[in-house]
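In our numbering, the protein residues as written are 1169 to 1492. Just so you know, even glycine gets a beta-carbon here, dropped at the ideal spot from N, CA and C. These numbers come from a predicted model, not from an experiment.
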């Protein structure tokens, strides 16, 4: 019962957060220079004031800002993300069409980064002060400090252009009529470079966090007691140190899980991955207000959802937390 009340409270807080985010995004985008009308008129080579005024009336941009904001919030409450006049499609349809590709990319990168990061951090903490610890630390810092877009471009140049062993662009092979396992294998092949590129940055963060947390837990009294009882070092490392050291890692991973879409914008742009990150970038260039706001709102909703799941997992992992 307490867990149900906890979930309801968190859902209400998440709804309020999404509402505030929607308002802030709307005001920030409206404050930016340029709008869909100026972009479309420039592409059409039309500078007739009457034509521009007609477009503003059609898009509702001639109304006061407060009226536009009220209508936008009313549409959101009715689960209507609006219409993309650039793409001539519903914003909801466009996002749902691209969302599976983004979830596949970010989900795979998240799992890979978490597994490799925790494993590397645990190995570094167990070999603290040795050359292996120093090597893992240096590699982690290099990947953490390297810009994501540069790493993506270097991966394409090396594995696609130079070696020709992995595809560097797209979701599937263009023109290939594949089905079943052949299609899944083709998607998996195209997924390797963007997933590894996106995962390396987060893997470095998790490795550093795991190492520091395990070294701190290793000095606690219950670990010293376990050693005094004669338990095997491997069991102490897994059951006592690693289990308790994972708590801050779980918190960090939950906060970054939703934010990985931000990193996916650069990754999807470089690798031409057809996800909402690439859709968001194209909408920004085209000043497609409705589509851009829809992408922002979906990204924020995913971040809130992952934070909610993290809070729930944290109460299960750490029995010391009491649900109020």
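- Listed in chain order, the non-local C-beta contacts of residue 1427 below 7 Å within the same chain comprise 1471, local neighbours out to five positions each way being set aside.
- For the pair residue 1320 and residue 1434, the CB atoms are nearer than the 8 Å cut-off.
- The alpha-carbon separation between residue 1265 and residue 1444 amounts to approximately 9 Å.
- Between residue 1245 and residue 1260, the CB-CB gap reaches or exceeds 8 Å.
- Going by C-alpha positions, residue 1367 is about 30 Å away from residue 1188.
- Judged by pairs of C-beta atoms under 8 Å, the stretch 1288-1296 does not touch the stretch 1454-1463, as fewer than three such pairs exist.
- Counting other Cβ atoms within 10 Å of its Cβ, residue 1454 reaches 16 or more and is therefore classed as buried.
- Residue 1477 and residue 1225 have their alpha carbons spaced roughly 43 Å apart.
- DSSP, read as helix, strand or coil, puts residue 1257 in strand.
- The C-alpha of residue 1313 is placed about 30 Å away from the C-alpha of residue 1192.
- Within the same chain, 1429 come within 6 Å of residue 1467 by CB-CB distance, once the 5 residues on both sides are set aside.
- Put simply, the backbone Cα of residue 1258 is about 24 Å away from that of residue 1221.
- A check of alpha carbon separations from residue 1481 across 1420, 1457, 1408 identifies 1420 as the nearest.
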